[in-house]
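The opening position of the sequence shown corresponds to residue 41 in this note's numbering, with each subsequent residue numbered one higher.
By construction, the Cβ of each residue, glycine as well, lies at the ideal position given by its N, Cα and C atoms.
For reference, the structure discussed in these notes is given below.
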Amino acid sequence: MTKPILVVTRRLPPAIEARAARDYDARLSPDDAKVTGADILARAEGAAAVLCCPAERLDAETIGKLPDSVKVIGTFSVGFDHIDLQAARARGIPVVNTPDVLSVATAECAMLLILAAARRAGEGERLIRAGKWTGWAPTQLMGTLVSGRRLGIFGMGRIGRELARMAAGFGMEVHYRDQVRLPAELERGATFHQDDDSFLSVCDVLSLHAPGGEGTRHWLGAERIAKLPRGAVVANAARGTLIDDAALIAALKSGQVAAAGLDVYNNEPRVDPGYLELENVVLLPHLGSATVETRDAMGHLVLDGIDAVLAGRTPRNLVR
Ligand code: DGY
Numbered sequence: 041m042t043k044p045i046l047v048v049t050r051r052l053p054p055a056i057e058a059r060a061a062r063d064y065d066a067r068l069s070p071d072d073a074k075v076t077g078a079d080i081l082a083r084a085e086g087a088a089a090v091l092c093c094p095a096e097r098l099d100a101e102t103i104g105k106l107p108d109s110v111k112v113i114g115t116f117s118v119g120f121d122h123i124d125l126q127a128a129r130a131r132g133i134p135v136v137n138t139p140d141v142l143s144v145a146t147a148e149c150a151m152l153l154i155l156a157a158a159r160r161a162g163e164g165e166r167l168i169r170a171g172k173w174t175g176w177a178p179t180q181l182m183g184t185l186v187s188g189r190r191l192g193i194f195g196m197g198r199i200g201r202e203l204a205r206m207a208a209g210f211g212m213e214v215h216y217r218d219q220v221r222l223p224a225e226l227e228r229g230a231t232f233h234q235d236d237d238s239f240l241s242v243c244d245v246l247s248l249h250a251p252g253g254e255g256t257r258h259w260l261g262a263e264r265i266a267k268l269p270r271g272a273v274v275a276n277a278a279r280g281t282l283i284d285d286a287a288l289i290a291a292l293k294s295g296q297v298a299a300a301g302l303d304v305y306n307n308e309p310r311v312d313p314g315y316l317e318l319e320n321v322v323l324l325p326h327l328g329s330a331t332v333e334t335r336d337a338m339g340h341l342v343l344d345g346i347d348a349v350l351a352g353r354t355p356r357n358l359v360r
């Protein structure tokens, strides 16, 4: 029996490529090179499914030109702001993603950013690597405690709630802003804010966990930054588009924001050069879900979803 063709845009963990090759006529990426919409179309002839990654844009034009044989698009990510869902719906192509399995890893990354920014870990590392550390000094690289401080989580979905759980271990007081208040069992003692002003005013540490896309574009801009307590710490492990870089860079220079930890950027892999000149920002290359266990789990979940659609079942990870 012939197997359905699956286009895989990038190299995936070995166990995932092995499963794809076992169950599909898999067109795996030979070299992990970045692909464009045109590259995907060139590989998609006769394919039943496309497994893409967040670094690729599946815009309306690309989706509109996919061959009729394509019955499902899977993305190796929880975020799907790189896929034009309306265009996929118009073509009747379901999209599946990787929710839940990366929540802990991404929340850990947010905690890493918060701690690294607050405790000036990037500066310390650079000092040692530059051969400039002369030894312990009472006033050297003094940061700020996160323990006992107020953490504001913008977007209290699965990842935001994992971060809240971890932050409780640091004795942080958790506040959150979302469209609706969570039920008590999910809120777990965190304080809900109905409006930005009351929320921002308590964010000694602000961590962003809302989805990307037009609705949240540059949510953290000059006006909202001005409402943070002076000397706040900002972390972003969600999407770079949530932040107006010029505004955050100005605030990092003025001291309105004491330090920031960023894992995601507008226009990745380009990083606003303004950040590179600043000592008080820690920069990671979009590592949120990058653990071996998590990437395996993401691969299995997205393949489960593709399998389900092709078998005529509704996948649990269908993007709605
Ligand atoms: C996602 O899943 O959306 C991340 O950004 C990639 O891990």
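Minimum C-alpha distance to residue i - residue among the options
| i | options | result |
| --- | --- | --- |
| residue 229 | 175, 279, 211, 140 | 211 |
| residue 188 | 215, 177, 195 | 215 |
| residue 240 | 263, 185, 305 | 263 |
| residue 117 | 129, 132, 92 | 92 |
| residue 151 | 329, 57, 177, 122 | 329 |
| residue 35 | 269, 56, 327, 106 | Past the boundaries of the shown model lies residue 35; the chain is included only from 41 to 360, so the question cannot be answered. |
| residue 247 | 149, 325, 235 | 149 |
| residue 352 | 219, 285, 133 | 133 |
| residue 233 | 220, 71, 332 | 220 |
| residue 41 | 64, 198, 175, 237 | 64 |
| residue 320 | 302, 339, 326 | 302 |
| residue 327 | 308, 341, 340 | 308 |
| residue 242 | 253, 225, 179, 267 | 267 |
| residue 79 | 102, 208, 125 | 102 |
| residue 104 | 125, 119, 95 | 125 |
| residue 110 | 128, 340, 238, 225 | 128 |
| residue 364 | 337, 56, 184 | In the structure as shown, the chain begins at 41 and stops at 360. Residue 364 is therefore absent and cannot be evaluated. |
| residue 121 | 74, 224, 306 | 306 |
| residue 280 | 325, 213, 357 | 325 |
| residue 340 | 55, 50, 51 | 55 |
| residue 89 | 168, 60, 238 | 60 |
| residue 282 | 196, 269, 304 | 304 |
| residue 72 | 197, 168, 237, 53 | 53 |
| residue 359 | 195, 123, 286 | 123 |
Anticipated Cβ contact below 8 angstroms, residue i with residue j, distance rounded
| i | j | result |
| --- | --- | --- |
| residue 83 | residue 47 | 5 angstroms |
| residue 265 | residue 245 | The Cβ separation is near 14 angstroms, so there is no contact. |
| residue 192 | residue 217 | 7 angstroms |
| residue 322 | residue 157 | 5 angstroms |
| residue 154 | residue 186 | 6 angstroms |
| residue 67 | residue 45 | 6 angstroms |
| residue 284 | residue 258 | 4 angstroms |
| residue 77 | residue 108 | About 17 angstroms separates the two Cβ atoms, so there is no contact after all. |
| residue 300 | residue 275 | 7 angstroms |
| residue 271 | residue 252 | No, residue 271 and residue 252 are not in contact; Cβ-Cβ is about 27 angstroms, not under 8 angstroms. |
| residue 119 | residue 94 | 6 angstroms |
| residue 181 | residue 165 | That pair is no contact at about 11 angstroms. |
| residue 196 | residue 222 | 6 angstroms |
| residue 213 | residue 190 | 5 angstroms |
| residue 176 | residue 167 | Going by Cβ atoms, the distance from residue 176 to residue 167 rounds to 12 angstroms, so no, they are not a contact pair. |
Bridge partner(s) assigned by DSSP for residue i
| i | result |
| --- | --- |
| residue 246 | 192, 274 |
| residue 165 | Paired residues: none, contrary to the question. |
| residue 91 | 48, 114 |
| residue 216 | 193, 232 |
| residue 123 | 98 |
| residue 65 | 45 |
| residue 300 | 274, 321 |
| residue 260 | 283 |
| residue 358 | 136 |
Contact the stretch 134-148 vs the stretch 189-209: 3+ CB pairs below 8 angstroms: Between the stretch 134-148 and the stretch 189-209, the count of C-beta pairs closer than 8 angstroms reaches three or more; the two stretches touch.
The stretch 131-142 in contact with the stretch 337-350 per 3-pair CB rule at 8 angstroms: Below 8 angstroms, enough C-beta pairs join the stretch 131-142 and the stretch 337-350 to call them touching: three or more.
Below 8 angstroms, can you find three or more Cβ-Cβ pairs linking the stretch 286-293 to the stretch 312-322? Yes, they touch.
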